[in-house]
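A.B. asks: What follows is a single structure, and I will ask about it in a moment.
In the numbering used here, the protein residues as written are 8 to 428.
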């Protein structure tokens with residue numbers, strides 16, 4: 008709606024609107040709203056300006072920020088009040104500088120007759136000025152509205168900037184599948200979350216595995232299968248890597264096991280298994296991306312579905328007698344998005360009978376095939392469309408609809424921390 012007409016030297020963001028001095032942001036936005044109101048009267052469109060939140064998007068390069076700006080078109084129904092696109096360049100060998108651009112975004116809600124407007128401010132913060140990014144952002148927020156922070160890509164090497172932005176945020180949204188060092192950064196996130204009790208945390212990767220969690224739960228909606236749930240002794244999860252190179256240390260950044268780790272942690276907590284301190288029961292090869300754990304102790308009070316013969320409250324028992332093995336390993340799939348979970352297999356026994364429950368990638372990432380192999384029972388394989396779990400705007404929209412804490416995700420994240428400790 009506004010074009011950059013500034014001749015000021017430095018970074019130019021023609022897609023971000025009009026370049027203005029930071030102290031003039033509010034006055035310039037008022038002018039744009041007046042112009043938008045005049046346009047609405049002329050065209051007789053309905054201008055919807057319901058506002059419920061500040062949305063701060065933090066990127067470490069211009070390309071990521073522009074891609075996020077494009078994605079905002081699919082979020083018009085969330086009634087964002089103001090978007091602040093924060094581009095950080097913390098290099099110490101460049102001048103300390105802050106530049107600001109403004110524009111209004113307008114998207115149709117019901118055809119073109121009703122349109123939703125929100126403000127967008129793009130801010131580049133370079134050099135030593137990044138240490139004050141939280142103060143810069145805080146001055147640009149609309150008052151008395153919650154602040155949702157979407158942190159793109161990796162966490163910074165120096166976490167102090169991220170921590171200060173955490174301080175002014177109501178909810179922080181990350182995508183652990185984008186982390187170049189997922190194990191290290193998921194541990195860091197778990198620690199930061201425990202230190203920032205006022206701030207809720209969301210992870211788009213958790214949204215991606217939600218469909219798989221639902222499919223696993225559906226297996227055991229059938230009463231005859233529920234006892235096999237209590238007798239699960241082997242869980243195998245495979246995630247996609249683009250080539251065999253991804254299983255070597257030099258190409259570890261190609262491995263994205265975040266989703267597999269979260270799913271394994273969720274299964275562990277739902278089944279009540281306890282991880283002991285014996286290192287012989289843990290295998291973690293970060294070079295190859297293979298992880299495995301053996302657990303022999305169980306807290307029945309934490310099991311989601313307990314058998315009628317559950318022991319007294321708080322008792323720890325070993326069921327099945329041999330315990331449970333959980334393994335995560337990579338599978339080479341060149342046509343799959345790195346980190347996509349391509350196999351979940353659960354094997355359990357009940358009174359000497361073994362059953363296998365499988366969710367496996369179909370012909371593409373958008374489909375999975377579920378199957379059950381149970382003695383004296385036939386159930387045809389089922390193909391399920393999970394395409395919605397791969398659309399970033401849909402995942403982001405779902406997370407922005409959450410107003411409280413996602414306690415199940417947070418618990419699973421802390422379990423990942425424990426599994427990797």
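Cβ atoms here follow ideal geometry from the backbone N, Cα and C, with glycine treated the same way.
What you are looking at is a predicted structure, and each value in this text was computed from that prediction instead of being measured.
Taking the alpha helix (DSSP H) that residue 434 falls in, what are its first and last residues?
C.D. replies: The shown model of the chain, from 8 to 428, leaves out residue 434, and the question about it has no answer.
A.B. asks: Out of 344, 354, 370 and 379, which has the shortest C-alpha to C-alpha gap to residue 398?
C.D. replies: That would be 344, whose Cα lies nearest to the Cα of residue 398.
A.B. asks: Classify residue 62 as helix, strand or coil using the three-state DSSP reduction.
C.D. replies: Residue 62 carries a strand assignment under DSSP once its states are collapsed to helix, strand and coil.
A.B. asks: Using 8 Å as the threshold, is the stretch 286–299 in touch with the stretch 368–387, meaning 3 or more CB pairs across them?
C.D. replies: Three or more beta-carbon pairs separated by less than 8 Å are not found between the stretch 286–299 and the stretch 368–387, which leaves the two stretches without contact.
A.B. asks: Helix or strand or just coil, what does DSSP make of residue 23?
C.D. replies: helix
A.B. asks: Roughly how many angstroms lie between the CA atoms of residue 338 and residue 113, to the nearest whole one?
C.D. replies: 43 Å
A.B. asks: Could you give the DSSP three-state label for residue 337: helix, strand or coil?
C.D. replies: strand
A.B. asks: Using the rule of at least 16 other Cβ atoms within 10 Å of the residue's Cβ for burial, across every protein chain shown, is residue 29 buried or exposed?
C.D. replies: exposed
A.B. asks: Which one or two residues does DSSP pair with residue 355 in a beta bridge?
C.D. replies: 239 and 362
A.B. asks: Quick one: what does DSSP say residue 161 is sitting in, helix, strand or coil?
C.D. replies: coil
A.B. asks: Where does the unbroken alpha helix (DSSP H) through residue 70 begin, and where does it stop?
C.D. replies: 69–78
A.B. asks: Quick one: what's got a C-beta closer than 6 Å to residue 210's C-beta in the same chain, skipping five residues either side?
C.D. replies: For residue 210, where only same-chain residues beyond five positions count, the Cβ hits under 6 Å are 181 and 183.
A.B. asks: Quick check on DSSP: helix, strand or coil for residue 124?
C.D. replies: strand
A.B. asks: Which partner residues does residue 331 have in the DSSP bridge list?
C.D. replies: The partner list for residue 331 (beta bridge, DSSP) reads 302.
A.B. asks: Can you give the Cα-Cα distance for residue 346 and residue 214, rounded to whole angstroms?
C.D. replies: 14 Å
A.B. asks: Quick one: using the 10 Å Cβ neighbour count with 16 as the cut-off for buried, is residue 304 buried or exposed?
C.D. replies: exposed
A.B. asks: On the CB-based measure, 16 or more other CB atoms within 10 Å of its CB, does residue 130 come out buried or exposed?
C.D. replies: buried
A.B. asks: If you check the beta carbons only, do residue 81 and residue 400 fall under 7 Å apart?
C.D. replies: yes
A.B. asks: Would DSSP call residue 205 helix, strand or coil?
C.D. replies: coil
A.B. asks: Could you give the C-beta distance for residue 350 and residue 221, rounded to a whole number, given that I count them as a contact under 8 Å?
C.D. replies: Contact doesn't hold; Cβ gap of about 17 Å is too wide.
A.B. asks: Considering only residues of the stretch 186–235, which uninterrupted beta strand (DSSP E) runs meet the minimum length of 3 residues and lie entirely inside it, listed in chain order?
C.D. replies: 207–210
A.B. asks: Hey, how far is the Cα of residue 41 from the Cα of residue 89?
C.D. replies: 17 Å
A.B. asks: Would you mind working out which of 385, 393 and 23 sits nearest residue 376, comparing C-alpha positions?
C.D. replies: Nearest to residue 376 by alpha-carbon distance, out of 385, 393 and 23, is 393.
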